[in-house]
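In mature numbering (1 follows the signal peptide of the UniProt record, and there is no 0), the protein residues as written are -26 to -1, 1 to 392.
For every residue, glycine included, the Cβ atom is placed at its ideal position computed from N, Cα and C.
Values in this document were obtained by computation on a predicted structure and should not be read as measured data.
Rendered as structure tokens:
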């Protein structure tokens, strides 16, 4: 045996394998998911898949949220892409427009599950008529109300407000009913908190916020000035704690559980948190209302699961997508963990029957709205962006509402045109 030739052959083979995309030679599927999301839900989905598919296991790697975009771009350039990628749904259109995701339209041509999947997730998973992802997990906003404060204020604790006017009227009775109690909550220095909880008040009332592209008009509809006037009134009348002006999102999730907030737009995650903070507090959940009774909306957030451009395991990746959309996984993984199902037709299940509040908030899936724009951060989520600047002027100044809207419109148009 020529050991020298054998060694040289082994080195050559190792070099060849190292040069090949990992999905071309590895049996396991590689999946990236951003940190800061619902890791428990994603872990459970991958574990369920691995149990059913021992020959196609998924190796899950968490990437810091701020590093996901550059890391993906680098991986696509090198050809070393993961087979699956969990992505903050709001950035779906940006990746799709840049040609960084695989088109999976044909794989779902006859699949009924996507027809009942979260509309917000499906909207941002679609670009130019083509499908690039499906919901991985969902967070939705809703109106939480403190039944104990309602009772103390002489309100029926079982009847939530059905319009913005009723929110105002109820908040007026609740504010001051006990020391430190305020009727409503709005974060004063958090762009994301406001698009999650204040944005739906505009959508429910028939208004629009962000432009989809440079040709679209932002902040349209008679509802926009009316809802902004309502918010200013709530602040001017002292129905919102002035201390909220400093809220940048770090303690947003802890506000309702304090027991001092009569009503608040927040997310499904607050059910568990509020109970942990304040076990004795009684509360209910309903849909966020608009100006008129019967108008409702929600922000649909969470992640979509996609296939990065260049993956050699597209068919396997799509099988995982279909797996998590299946009836069994929707009920026995999502619902069993008391997480949101990502299909609206899966809300009526045995596990939600044991937890009525989950069922109440799950109704928001079918009315959830997700902003569709290629520049979400610049337009909406930036602390220096036009969305938060507009709201802060509404909340904390006496500038004319019409002027504030006009300024925000122009800023949004300028950003969309860049």
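Identify whether residue i lies in helix, strand or coil by the three-state DSSP scheme.
{"i": "residue 431", "result": "No answer is possible for residue 431: the residues shown for the chain start at -26 and end at 392."}
{"i": "residue 268", "result": "coil"}
{"i": "residue 392", "result": "coil"}
{"i": "residue 261", "result": "coil"}
{"i": "residue 280", "result": "strand"}
{"i": "residue 37", "result": "strand"}
{"i": "residue 216", "result": "helix"}
{"i": "residue 96", "result": "helix"}
{"i": "residue 273", "result": "strand"}
{"i": "residue 138", "result": "helix"}
{"i": "residue 131", "result": "coil"}
{"i": "residue 185", "result": "coil"}
{"i": "residue 12", "result": "coil"}
{"i": "residue 386", "result": "helix"}
{"i": "residue 171", "result": "helix"}
{"i": "residue 363", "result": "helix"}
{"i": "residue 166", "result": "helix"}
{"i": "residue 243", "result": "coil"}
{"i": "residue 24", "result": "helix"}
{"i": "residue 440", "result": "The structure shown does not extend to residue 440, since the chain spans only -26 to 392, so no value can be given for it."}
{"i": "residue 7", "result": "strand"}
{"i": "residue 311", "result": "coil"}
Do you know how far the Cα of residue j is from the Cα of residue i?
{"i": "residue 373", "j": "residue 198", "result": "16 Å"}
{"i": "residue 178", "j": "residue 343", "result": "10 Å"}
{"i": "residue 28", "j": "residue 20", "result": "11 Å"}
{"i": "residue 351", "j": "residue 155", "result": "34 Å"}
{"i": "residue 30", "j": "residue 291", "result": "10 Å"}
{"i": "residue 365", "j": "residue 323", "result": "39 Å"}
{"i": "residue 180", "j": "residue 47", "result": "38 Å"}
{"i": "residue 136", "j": "residue 2", "result": "51 Å"}
{"i": "residue 200", "j": "residue 379", "result": "11 Å"}
{"i": "residue 285", "j": "residue 382", "result": "41 Å"}
{"i": "residue 176", "j": "residue 182", "result": "7 Å"}
{"i": "residue 26", "j": "residue 303", "result": "11 Å"}
{"i": "residue 57", "j": "residue 80", "result": "18 Å"}
{"i": "residue 171", "j": "residue 101", "result": "26 Å"}
{"i": "residue 205", "j": "residue 236", "result": "16 Å"}
{"i": "residue 104", "j": "residue 210", "result": "47 Å"}
{"i": "residue 153", "j": "residue 217", "result": "15 Å"}
{"i": "residue 371", "j": "residue 133", "result": "33 Å"}
{"i": "residue 186", "j": "residue 126", "result": "45 Å"}
{"i": "residue 130", "j": "residue 368", "result": "31 Å"}
{"i": "residue 49", "j": "residue 35", "result": "14 Å"}
{"i": "residue 8", "j": "residue 42", "result": "7 Å"}
{"i": "residue 99", "j": "residue 92", "result": "11 Å"}
{"i": "residue 392", "j": "residue 355", "result": "17 Å"}
{"i": "residue 63", "j": "residue 280", "result": "10 Å"}
{"i": "residue 399", "j": "residue 167", "result": "This structure cannot speak to residue 399, because the chain is shown only from -26 to 392."}
{"i": "residue 427", "j": "residue 268", "result": "Residue 427 lies beyond the residue range present for the chain, which begins at -26 and ends at 392; the question has no answer from this structure."}
From this set, the options, which residue's C-alpha is nearest residue i's C-alpha?
{"i": "residue 159", "options": "133, 240, 174", "result": "240"}
{"i": "residue 315", "options": "234, 165, 55, 15", "result": "15"}
{"i": "residue 310", "options": "319, 297, 296, 329", "result": "329"}
{"i": "residue 190", "options": "370, 346, 38", "result": "346"}
{"i": "residue 307", "options": "90, 5, 4, 22", "result": "22"}
{"i": "residue 243", "options": "116, 140, 204", "result": "116"}
{"i": "residue 213", "options": "185, 268, 139", "result": "139"}
{"i": "residue 121", "options": "254, 226, 72", "result": "254"}
{"i": "residue 249", "options": "231, 341, 130, 259", "result": "231"}
{"i": "residue 150", "options": "123, 320, 349, 268", "result": "123"}
{"i": "residue 376", "options": "147, 168, 202, 215", "result": "202"}
{"i": "residue 301", "options": "267, 87, 288", "result": "87"}
{"i": "residue 148", "options": "215, 167, 264", "result": "215"}
{"i": "residue 94", "options": "233, 40, 339", "result": "339"}
{"i": "residue 223", "options": "169, 267, 264", "result": "169"}
{"i": "residue 12", "options": "312, 144, 83", "result": "312"}
Does the distance from the CB of residue i to the CB of residue j come in under 8 Å?
{"i": "residue 317", "j": "residue 299", "result": "yes"}
{"i": "residue 10", "j": "residue 111", "result": "no"}
{"i": "residue 262", "j": "residue 337", "result": "no"}
{"i": "residue 393", "j": "residue 174", "result": "This structure cannot settle anything about residue 393, because the visible part of the chain is limited to -26 through 392."}
{"i": "residue 75", "j": "residue 53", "result": "no"}
{"i": "residue 73", "j": "residue 333", "result": "no"}
{"i": "residue 289", "j": "residue 341", "result": "no"}
{"i": "residue 252", "j": "residue 233", "result": "yes"}
Between residue i and the ligand ATP, is the CB less than 7 Å from at least one heavy atom?
{"i": "residue 242", "result": "The model depicted lacks the ligand ATP and carries no ligand whatsoever."}
Rounded to the nearest angstrom, how far is the Cβ of residue i from that of residue j, given a contact under 8 Å?
{"i": "residue 278", "j": "residue 128", "result": "Between residue 128 and residue 278 the Cβ distance is about 45 Å, and since that is not below 8 Å, they are no contact."}
{"i": "residue 219", "j": "residue 162", "result": "4 Å"}
{"i": "residue 32", "j": "residue 297", "result": "Not confirmed; about 10 Å, so no contact."}
{"i": "residue 142", "j": "residue 208", "result": "6 Å"}
{"i": "residue 188", "j": "residue 390", "result": "5 Å"}
{"i": "residue 362", "j": "residue 386", "result": "In fact, because the Cβ distance is near 12 Å, the residues do not count as touching under 8 Å."}
{"i": "residue 59", "j": "residue 5", "result": "7 Å"}
{"i": "residue 259", "j": "residue 335", "result": "5 Å"}
Would a check of beta-carbon distances place residue i closer than 8 Å to chain B?
{"i": "residue 17", "result": "The structure shown has no chain B; it contains just one protein chain."}
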